[in-house]
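Following: one structure in structure tokens, then a few remarks.
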Amino acid sequence: MGDMDLPAILYGISVWALPVIFAITLHEAAHGYAALQFGDDTAQRAGRLSLNPLRHIDRFGTIILPAILLLIRAPFLFGYAKPVPVNFGRLGKPKRDMIWVAAAGPLTNVALAIVSALLLYVTEILPGTVAPWAVDNLQNSVQINAVLAVFNMIPIPPLDGGRVLTGLLPLPLAIRYARLERWGLFLLIGALFILPLLGRQIGANLDIFPWLMGPPVDYLIRFIAYVTGLSP
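Each residue of the sequence shown is one higher than the last, beginning at 2 in the working numbering.
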């Protein structure tokens, strides 16, 4: 890696790291705050009702995985933090309240994306040396938060969408569906990483990530641009 690449690499890190950290930190804190509102103080007692990123950072999910995706120029950049502990049995109405606790994270990401889009207007009054850096951070924030919101709403436990669906299903089906949680992470890893590798070996495109994530992320970003007046 030549010295000529170092400034570009450092700049790339500076405009991606902050949006990723803010998006993941606020996502996890939102779960804890929502759980507290519905009667579960587990996250509070664990010290996770905090906006301090260090309390939420997962070494692999928050740092290594986004860095790998950035280096390989993946179509989407995402990561995850240490899950906030929630004792669903302590919620007032566990089956109903689970929906709101799970949805709090993705909804926070949508709100953060909207705020980031609105802050783009402020960049017009920033000094010329700072404005481009701020614009890149905010545009990346919109993209990252849109990706996190959509990705986490995939209806596979332990993702938020899986827990929302579990809360919506009739109790007998919800119990069966919740049992998928032990396999959910393996399903996601297989779909996102193993299938594409297998596809390259057999000469087939088995990368489901772009078509699964692409259309809803694109729609969400266009919706945010519309409601914030950034697009006609």
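A virtual CB, placed ideally from N, CA and C, is assigned to each residue, including glycine.
Computed from a predicted model, the values in this text were never measured in an experiment.
As assigned by DSSP and simplified to three states, the class of residue i
i, result
"residue 57", "coil"
"residue 82", "coil"
"residue 217", "helix"
"residue 109", "helix"
"residue 165", "helix"
"residue 316", "In the structure displayed, the chain extends from 2 to 233; residue 316 sits before or after that span and is not available."
"residue 200", "helix"
"residue 208", "coil"
"residue 42", "coil"
"residue 132", "helix"
"residue 47", "coil"
"residue 155", "coil"
"residue 97", "helix"
"residue 148", "helix"
"residue 138", "helix"
"residue 70", "helix"
Close-in-space but distant-in-sequence residues of the same chain around residue i (CB under 7 Å, 5 per side omitted)
i, result
"residue 20", "138, 141, 142 and 145"
"residue 209", "192 and 196"
"residue 260", "No information on residue 260 is available, as it lies outside the stretch 2 to 233 that the chain covers here."
"residue 97", "168"
"residue 48", "56"
"residue 170", "178"
Neighbourhood of residue i by C-beta distance below 6 Å, restricted to the same chain and skipping five residues each side
i, result
"residue 22", "54"
"residue 46", "none"
"residue 167", "175, 178 and 179"
"residue 181", "158"
"residue 117", "139, 142 and 143"
"residue 111", "150"
Inter-residue CB distance, residue i and residue j (contact presumed, cutoff 8 Å)
i, j, result
"residue 105", "residue 205", "Wrong, their Cβ atoms sit about 39 Å apart, outside the cutoff."
"residue 30", "residue 52", "6 Å"
"residue 231", "residue 50", "No, residue 231 and residue 50 are not in contact; Cβ-Cβ is about 33 Å, not under 8 Å."
Neighbourhood of residue i by C-beta, 8 Å cutoff - its chain only, sequence neighbours within 5 removed
i, result
"residue 124", "132, 135, 136 and 139"
"residue 40", "91, 92, 93 and 98"
"residue 207", "196, 197, 199 and 200"
Separation of residue j from residue i, as counted between CA atoms
i, j, result
"residue 154", "residue 27", "16 Å"
"residue 183", "residue 12", "39 Å"
"residue 90", "residue 70", "37 Å"
"residue 108", "residue 114", "10 Å"
"residue 199", "residue 148", "24 Å"
"residue 44", "residue 177", "26 Å"
"residue 119", "residue 24", "16 Å"
"residue 222", "residue 32", "23 Å"
"residue 7", "residue 60", "23 Å"
"residue 226", "residue 214", "18 Å"
"residue 160", "residue 63", "16 Å"
"residue 95", "residue 203", "46 Å"
"residue 126", "residue 85", "38 Å"
"residue 16", "residue 172", "45 Å"
"residue 10", "residue 88", "41 Å"
"residue 93", "residue 211", "39 Å"
"residue 151", "residue 128", "34 Å"
"residue 185", "residue 163", "9 Å"
"residue 194", "residue 82", "19 Å"
"residue 218", "residue 42", "33 Å"
"residue 165", "residue 18", "29 Å"
"residue 37", "residue 101", "11 Å"
"residue 187", "residue 224", "32 Å"
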